[in-house]
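Residue numbers (UniProt numbering), protein chains in the order written: chain A, 1 to 156; chain B, 1 to 156.
Positions of the beta carbon are idealized from the N, C-alpha and C atoms, including for glycine.
Number of protein chains: 2
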Amino acid sequence: MIDDISLNILKILQQKARIPNVEVARQVGMAPSAVLERIRKLEKMGYIDGYEVRLNPERFGKSQVAFIQVHTSGKTEGQGLVKTLSGLPQVQEIHYVAGKDSYLLKVRETDTQALGRLIRERIAPIKGVTGTTTTIVMNTFKETARIPIDDQDLIR
Amino acid sequence: MIDDISLNILKILQQKARIPNVEVARQVGMAPSAVLERIRKLEKMGYIDGYEVRLNPERFGKSQVAFIQVHTSGKTEGQGLVKTLSGLPQVQEIHYVAGKDSYLLKVRETDTQALGRLIRERIAPIKGVTGTTTTIVMNTFKETARIPIDDQDLIR
DNA sequence: AATGAAAAAAACTGGCT
DNA sequence: AGCCAGTTTTTTTCATT
């Protein structure tokens, strides 16, 4: 259901989304209409989830990244907990991790002060939270959502 | 340099990149040409970093997410270390974190087995790496690169 | 599925306010 | 900066192979 041509199209798009279809068509050596049809199909079949703008966090005063391990009482408070956390725009990621009933959050805030406030006022008070461990990011060298698709292990 | 209208445009784009300009124009109540000019300016001034496709990792057999804390000897091996790590497509993020000379990586692999191989064969052998601590993600509830821009603390 | 031609929509340009 | 009107480019549709 997904062949080398489609794979190639996705690679091109992952390199630079928002290049015109005609250009993609030129690069894969097909007619624009054919490429369009393939992309539509890839979207419909769920290979493509969507398109995102990447804003520059610095410019918006959201330079401070931190990872917060949220420890919970484990008594299936998960539902409301996740929902509440999801509602916080500063929380970019929520992962349930192996170990001892805890979630790992990636958050973005203005500075460490705002971060502290976020944790104290928004996260710590959530029902089921027994504590947090914060890891402050001092420098980010790579940050992308690209996934490796050179591979043979895709679900066709 | 950035006003409420531009802010609004960015909000709309963050909601759904790849909607036509005319539609954005309609939503902010301006002429398409004016909106276009604003977007171009936002790009040029570095508020917009770029546009990305979001591929569905499941479909590409990259469902396993893990965070790897890489401990280093700290003797400024940083340069080569970061460069080597950056070259690994499975490594989506590289952060230098506060604490005891360590980097935090976000990686995506096929399964825990492939993850183990990645760590043993690609990460552990890097010069300056003294050890790794891996946190396996069992479930991801939120994962976005969106940043909060409702705010007053943006660099104008 | 792919193509090519035609139609529709969108992006862009420039002159003017 | 924004708008409008004209131009170019891109996207989309569709009949055909």
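Taking only three categories from DSSP, how would you classify R120 (chain B)?
Position 120 of the second sequence, counted from the start, is the residue given in the question as residue 120 (chain B). Note: R120 (chain B) maps to helix in three-state DSSP.
Mind checking if D111 (chain A) is an interface residue toward chain B, Cβ cutoff 7 Å exclusive?
What you label residue 111 (chain A) is simply residue 111 of the first sequence in a count that begins at 1. No, no contact with chain B.
Bridge partner(s) assigned by DSSP for L55 (chain A):
By one-based count along the first sequence, residue 55 (chain A) stands at place 55. L55 (chain A) pairs with B:I48.
Among the candidates A:Q113, A:M45, A:K41, A:V137, whose CA atom is the shortest distance from the CA of R59 (chain B)?
Counting from one through the second sequence, the residue named residue 59 (chain B) turns up at place 59. Minimum Cα-Cα distance from R59 (chain B) among the listed residues A:Q113, A:M45, A:K41, A:V137 corresponds to A:M45.
Just tell me which of B:I39, B:A31, B:I123, B:E23 has its CA closest to the CA of T72 (chain B).
Along the second sequence, one-based indexing puts residue 72 (chain B) at 72. Closest by alpha carbon: B:I123.
Please tell me whether H71 (chain A) has its Cβ less than 7 Å away from any Cβ of chain B.
Reading the first sequence from its first residue, position 71 is the one you call residue 71 (chain A). So no, H71 (chain A) is outside the interface.
Comparing C-alpha positions only, which one of A:V35, A:A66, A:P20 sits nearest to Y51 (chain B)?
Within the second sequence, numbered from 1, the residue matching residue 51 (chain B) stands at position 51. Nearest to Y51 (chain B) by C-alpha distance, out of A:V35, A:A66, A:P20, is A:P20.
List the residues that DSSP assigns as beta-bridge partners of L105 (chain A).
Taking the first sequence and counting its residues from 1, one reaches residue 105 (chain A) at position 105. According to DSSP, L105 (chain A) shares a beta bridge with A:I68, A:I94.
For residue 204 (chain B), which residues in chain A fall below 9 Å Cβ to Cβ?
In the structure as shown, chain B begins at 1 and stops at 156. Residue 204 (chain B) is therefore absent and cannot be evaluated.
Using beta carbons (cut-off 7 Å, strictly below), is R108 (chain A) in contact with chain B?
As a first step, residue 108 (chain A) is located in the first sequence; it is residue number 108 there, counting from the start. Output row for R108 (chain A): interface = yes.
Answer yes or no: does any C-beta atom of chain B fall closer than 7 Å to that of I119 (chain A)?
What you label residue 119 (chain A) is simply residue 119 of the first sequence in a count that begins at 1. Output row for I119 (chain A): interface = no.
Between V53 (chain A) and L13 (chain B), is the Cβ-Cβ spacing less than 7 Å?
Start at 1 with the first residue of the first sequence, and residue 53 (chain A) comes out as number 53. Start at 1 with the first residue of the second sequence, and residue 13 (chain B) comes out as number 13. Cβ distance < 7 Å, so V53 (chain A) and L13 (chain B) count as in contact.
Same chain only: Cβ atoms within 7 Å of Q27 (chain A), ignoring 5 sequence neighbours per side:
Within the first sequence, residue 27 (chain A) is the residue found at index 27, counting from 1. Cβ neighbours of Q27 (chain A) beyond the five flanking positions: I12.
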